[in-house]
Each structure stands twice: as structure tokens, then as C-alpha cells.
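Have a look at the structure below, then the notes.
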Amino acid sequence: MIEPSQLDAQIINDVADALIYSDRSGTITRWNRASTALFGFTADEALGENLDLIIPEHLRAAHWKGFDAALASGTMKLAGKPTLTRALHKSGRKLYIEMTFALVRDNDGAVQGSVAMARDVTERVERERTAKAARNS
Numbered sequence: 001m002i003e004p005s006q007l008d009a010q011i012i013n014d015v016a017d018a019l020i021y022s023d024r025s026g027t028i029t030r031w032n033r034a035s036t037a038l039f040g041f042t043a044d045e046a047l048g049e050n051l052d053l054i055i056p057e058h059l060r061a062a063h064w065k066g067f068d069a070a071l072a073s074g075t076m077k078l079a080g081k082p083t084l085t086r087a088l089h090k091s092g093r094k095l096y097i098e099m100t101f102a103l104v105r106d107n108d109g110a111v112q113g114s115v116a117m118a119r120d121v122t123e124r125v126e127r128e129r130t131a132k133a134a135r136n137s
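Under UniProt numbering, the first residue of the sequence shown is numbered 1, with each subsequent residue one higher.
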């Protein structure tokens, strides 16, 4: 039988969606295999790095404003709602990703950080744009 902490680690590593956890400073402290597949960075490259690693420069100010507000208030506008956004791949190309977010709290309810689950929806978004452009021409 697998110990609970080993099972938790195995589940996190084996889920199909990218799972990224950052502490209150925005430092990445959890990065699963799907994160490597999606963003191109290995766990060794991502762990200990700032979330800016995967956030396009033009979105960083808005991201940090929302991140800081969520940590301060203990609530997230986007909690649990799939959100379409852009992300950076290690190669420099921009991806369309769908993400869900949650705050992570300790046993006393204090916010410790934020977790996000992400999946690549680039092909879907590009297909939808192509179809829309064809309808409008």
C-alpha cells in the first residue's frame, strides 16, 4: 500500500493537466510532468523560479495585480472558473492555455500560495479563429 504522501505526489505527477503551485512570493514550488510537457521547462528548470517564467511580458502587470489582490483578500475572482489566457513556452512561442486557479491555505486558514491547473488549447483557439474568419469573409 502506498503511503498517503507518496500517493499525493504520484497523483500530482500523473494527472493530464499541468499543475503549478507557487508560494506567496510567486516562486514555483510544485511542477508536474504535464507542466514540463506543456511549457517545455523541466522541473529542475522551473522549481525555485518566479511565475514570470511562463507569463508573457505584456500580461505580467495584470497577473501580479490579481495575484497580490487574491493573497491579500483571501479570495479569487477566477477561483474554479476555467480562464483562457496566454502563456510562454520555453522555446519562446506563445500558447493559448485554459487555467483554473485556487488559493491554498494552511490548517489555520492562512493563504500559503496559489495552485493552477492548465491545459493547452492553442489548436482549438486557432481552429475557432479560422472558422470565424471564414464566416466573416
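Don't be surprised by glycine CBs; every beta carbon is placed ideally from N, CA and C.
If we ignore side chains and look at the alpha-carbon of each, how far apart do V104 and F39 end up? 23 Å
Going by DSSP, what residue range makes up the beta strand (DSSP E) through S137? Counting along the chain, S137 falls outside any beta strand (DSSP E), and DSSP gives it neither H nor E.
Would you call G26 buried or exposed, if buried means 16 or more other Cβ atoms sit within 10 Å of its Cβ? buried
In whole angstroms, what separates the C-alpha of N13 from that of I2? 15 Å
Exposure of G92, with buried meaning 16 or more beta-carbon neighbours within 10 Å: exposed
Mind checking G113: buried by the 16 CB within 10 Å criterion, or exposed? buried
Since V115 sits in a beta bridge, which residues does DSSP pair it with? Y21 and A102
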